[in-house]
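A short write-up of the structure that comes next.
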Amino acid sequence: MITIICGTNRPQNNTSIIVKAYADMLKSKGNAIQILSMEDLPTDFIFKNEVLGGASDKMKNIAEQYIEKPEKLVIISPEYNGGFPGVLKSFIDSVVPQLFENKKIALVGVASGRAGNLRGMDQLTNIFHYLKAHVLPLKVPVSSINKLIEERELTDESTKEVLTKQIDQFLTF
1 MITIICGTNR
11 PQNNTSIIVK
21 AYADMLKSKG
31 NAIQILSMED
41 LPTDFIFKNE
51 VLGGASDKMK
61 NIAEQYIEKP
71 EKLVIISPEY
81 NGGFPGVLKS
91 FIDSVVPQLF
101 ENKKIALVGV
111 ASGRAGNLRG
121 MDQLTNIFHY
131 LKAHVLPLKV
141 PVSSINKLIE
151 ERELTDESTK
161 EVLTKQIDQF
171 LTF
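Take the sequence shown: its position 143, counted from the start at 1, is 143 in the UniProt record's numbering, and no numbers get skipped.
Printed below as a string of structure tokens:
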């Protein structure tokens, strides 16, 4: 099982388009996947979690199902203010750190600008290395997202090719 995390809680976000395309590509290669969007988190998860105490059953189940059980995680995150969304950092901080140990992680950045969230992926790499996780060296920056999609579908073939290359490496990682 591979968990794909959509790193934003904004409604109708473009990151979810890349999440869907990535999920379809993984499934087409015979992989079982599950998707966790930051939109699915309990509204009080920042203050009630396994780290701070008082975690709801929903939050405990999310941590177990989406982080603890799978061996591999794909984090697809948009660029917000030169980094990645605070909700994603808050989620990472709300999970018992040991659950990330030895996880294999692939990173994809999404941005309307030209850098494809390179800074955010570097920040996430540092965080996951601190948590003793293993980050795939091939990180994919998806730049100028609005030029790559039509009707909420990824249509750009070169982006699909680089995502496929990352997936192929990740499956043997």
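All C-beta atoms in this analysis are idealised placements derived from N, C-alpha and C, irrespective of residue type, glycine included.
All figures in this text were calculated on a predicted structure; none of them were measured in a lab.
Report yes if the CB atom of residue i is closer than 8 angstroms to the CB atom of residue j, and no otherwise.
i: Val110; j: Ile18; result: yes
i: Pro85; j: Gly30; result: no
i: Ile46; j: Ser90; result: yes
i: Lys60; j: Pro42; result: no
i: Val51; j: Val96; result: yes
i: Met25; j: Ile149; result: no
i: Leu107; j: Ala63; result: no
i: Leu154; j: Ala23; result: no
Going by alpha carbons, who is nearest to residue i out of the options?
i: Pro70; options: Ser112, Ser77, Gln34 and Gly54; result: Gln34
i: Gly82; options: Ala63, Lys103 and Leu118; result: Leu118
i: Asp93; options: Arg10, Phe128, Ala106 and Asp122; result: Phe128
i: Gln65; options: Leu36, Thr43 and Val51; result: Leu36
i: Lys104; options: Ser112, Arg114, Gly113 and Ile75; result: Ile75
i: Gln12; options: Ser28, Glu39 and Ala115; result: Glu39
i: Gly113; options: Asp122, Val87, Tyr130 and Ser144; result: Ser144
i: Asn9; options: Asp44, Val87, Asp122 and Lys27; result: Val87
i: Ile2; options: Glu157, Asn126, Glu151 and Ile67; result: Ile67
What do you get for residue i, buried or exposed, if any count of 16 or more other CB atoms within 10 angstroms of its CB means buried?
i: Glu161; result: exposed
i: Glu79; result: buried
i: Thr15; result: buried
i: Lys147; result: exposed
i: Thr159; result: buried
i: Ala32; result: exposed
i: residue 175; result: A question about residue 175 goes unanswered here, because the residues of the chain that appear run from 1 up to 173.
For the ligand MG, any of its heavy atoms closer than 7 angstroms to the Cβ of residue i?
i: Lys69; result: The ligand MG is not among the ligands present in this structure, which contains no ligands whatsoever.
My understanding is that residue i touches residue j, with C-beta atoms under 8 angstroms, so please give their C-beta distance in whole angstroms.
i: Leu124; j: Gln169; result: The pair is not a contact, with the Cβ atoms about 17 angstroms apart (cut-off 8 angstroms).
i: Lys132; j: Asn102; result: 7 angstroms
i: Val142; j: Gly116; result: 5 angstroms
i: Val140; j: Leu171; result: Val140 to Leu171, Cβ: 15 angstroms. No contact.
Task: beta strand (DSSP E) segments (min. 3 residues) lying fully within the stretch 102-164 - done: 104-110 and 140-142
- [ ] Only counting runs of 3 or more residues, tell me where the beta strand (DSSP E) segments fall wholly within the stretch 36-75, in order along the chain.
- [x] none
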